[in-house]
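In the working numbering, the protein residues as written are 2 to 353.
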């Protein structure tokens with residue numbers, strides 16, 4: 002059992018928990034690499050042409066260059082981001098590669114079947130039976146965010162060895178990651194394919210639910226632990242009797258890490274006591290989990306999996322002329338799939 006920490010340098014900078022490795026379909030990986038190489042080649046050619054066209058331009062003279070009196074810092078302060086941990090944690094644990102051409106993934110629901118028969122002579126037989134199979138679908142949308150620069154902006158940046166697209170790329174990556182995080186928690190009611198809607202941990206119709214009665218950023222240790230145990234018992238009621246991962250609000254968990262469980266245990270925090278619970282596998286705090294909310298998830302492919310047709314990637318769009326704008330798009334084709342069995346049992350519990 003452990004408490005969440007970002008494991009990737011980009012995650013540490015941006016607040017986005019990016020798994021170290023995500024499975025990627027071979028053909029999609031080849032397309033991304035080929036597109037990036039082609040874009041780099043076109044960019045180099047365009048800069049050479051523009052430098053050639055500007056060879057005859059002469060600037061005004063000056064006693065001293067303007068910039069000799071100051072130092073221009075190349076390291077800017079970017080916007081501080083929230084901790085997006087839910088989607089990244091699930092993608093790194095229960096990912097499933099898919100082809101980019103597939104819009105929906107269908108999983109099987111298999112009914113119970115058969116019966117046990119008891120006899121003394123062994124000559125009589127139980128009734129024959131067979132399971133019934135039905136299918137439930139999960140849509141797989143594409144999330145994108147774009148940014149662009151003028152051709153002369155890029156030329157000016159290259160003349161100083163400045164990487165112009167870095168900050169804009171990270172901004173767009175965060176926007177995509179924020180959308181993926183939101184869909185993992187709340188789904189997206191606008192994404193419906195063939196009657197199958199994209200659901201999240203907080204709105205799937207078969208999830209197990211209860212109401213919390215405590216403020217998890219101010220209550221006692223016993224009350225905190227009581228809400229955790231009540232959430233886990235919802236899973237036990239659906240026959241999921243295995244340790245579960247808890248996703249909680251970041252500020253609620255910070256309170257738990259700083260507050261003693263009780264006066265009788267002055268050297269043990271609420272967080273330590275929760276992590277000692279045999280039903281808790283780990284606790285993942287995240288900014289987008291609402292306050293006073295606990296999601297208990299059995300991280301098993303029979304319960305949840307992240308459909309992954311295209312991990313987040315940045316692509317440069319085609320430019321036909323040296324004076325065309327430089328357009329970039331950050332794209333990802335990923336979605337959380339929540340599975341239930343034929344009797345409606347679900348390995349997700351939601352206290353709010």
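C-beta atoms are modelled at their ideal positions from N, C-alpha and C, and glycine is treated no differently.
By alpha-carbon positions, which one of the options ends up nearest to residue i?
{"i": "residue 249", "options": "158, 94, 288, 280", "result": "288"}
{"i": "residue 108", "options": "140, 227, 144", "result": "140"}
{"i": "residue 292", "options": "104, 352, 192", "result": "352"}
{"i": "residue 355", "options": "238, 95, 222, 307", "result": "Because the chain spans 2 through 353 in this model, residue 355 falls outside it and cannot be assessed."}
{"i": "residue 198", "options": "31, 32, 340", "result": "340"}
{"i": "residue 152", "options": "303, 237, 320", "result": "320"}
{"i": "residue 304", "options": "325, 343, 123, 196", "result": "343"}
{"i": "residue 33", "options": "295, 238, 301, 315", "result": "315"}
{"i": "residue 238", "options": "266, 211, 216", "result": "211"}
{"i": "residue 364", "options": "218, 184, 166", "result": "Summary: the structure shown does not reach residue 364, with the chain confined to residues 2 through 353, and so no result is reported for it."}
Report the three-state DSSP secondary structure of residue i (helix, strand or coil).
{"i": "residue 276", "result": "helix"}
{"i": "residue 123", "result": "coil"}
{"i": "residue 261", "result": "strand"}
{"i": "residue 22", "result": "Note on residue 22: pLDDT 45, under 50, position unreliable in the model; no value is reported."}
{"i": "residue 295", "result": "strand"}
{"i": "residue 226", "result": "helix"}
{"i": "residue 221", "result": "coil"}
{"i": "residue 187", "result": "helix"}
{"i": "residue 192", "result": "strand"}
{"i": "residue 129", "result": "coil"}
{"i": "residue 330", "result": "strand"}
{"i": "residue 205", "result": "coil"}
{"i": "residue 138", "result": "strand"}
Which residues in the same chain as residue i place their Cβ atom closer than 8 Å to its Cβ, once the five residues preceding and following it in sequence are excluded?
{"i": "residue 132", "result": "111, 112, 113, 114"}
{"i": "residue 177", "result": "144, 145, 146, 313, 331, 332, 333"}
{"i": "residue 136", "result": "107, 108, 109, 110"}
{"i": "residue 230", "result": "278, 280"}
Can you confirm whether residue i, when its beta carbon is compared against all beta carbons of chain B, has any partner nearer than 8 Å?
{"i": "residue 119", "result": "Looking at the structure shown, chain B is missing, and only one protein chain is on hand."}
Taking 8 Å as the threshold (C-beta atoms), are residue j and residue i in contact?
{"i": "residue 175", "j": "residue 82", "result": "yes"}
{"i": "residue 206", "j": "residue 336", "result": "no"}
{"i": "residue 282", "j": "residue 246", "result": "yes"}
Under a Cβ-count criterion, where at least 16 other Cβ atoms within 10 Å of its own Cβ denotes burial, should residue i be classed as buried or exposed?
{"i": "residue 89", "result": "buried"}
{"i": "residue 349", "result": "buried"}
{"i": "residue 241", "result": "buried"}
{"i": "residue 99", "result": "buried"}
{"i": "residue 182", "result": "buried"}
Counting only the same chain and skipping the five closest in sequence on each side, list residues whose C-beta sits under 7 Å from that of residue i.
{"i": "residue 187", "result": "201, 203, 204"}
{"i": "residue 271", "result": "222, 225, 257, 260, 262"}
Excluding sequence positions up to five away, which residues of its chain have a Cβ less than 6 Å from the Cβ of residue i?
{"i": "residue 38", "result": "none"}
{"i": "residue 118", "result": "127"}
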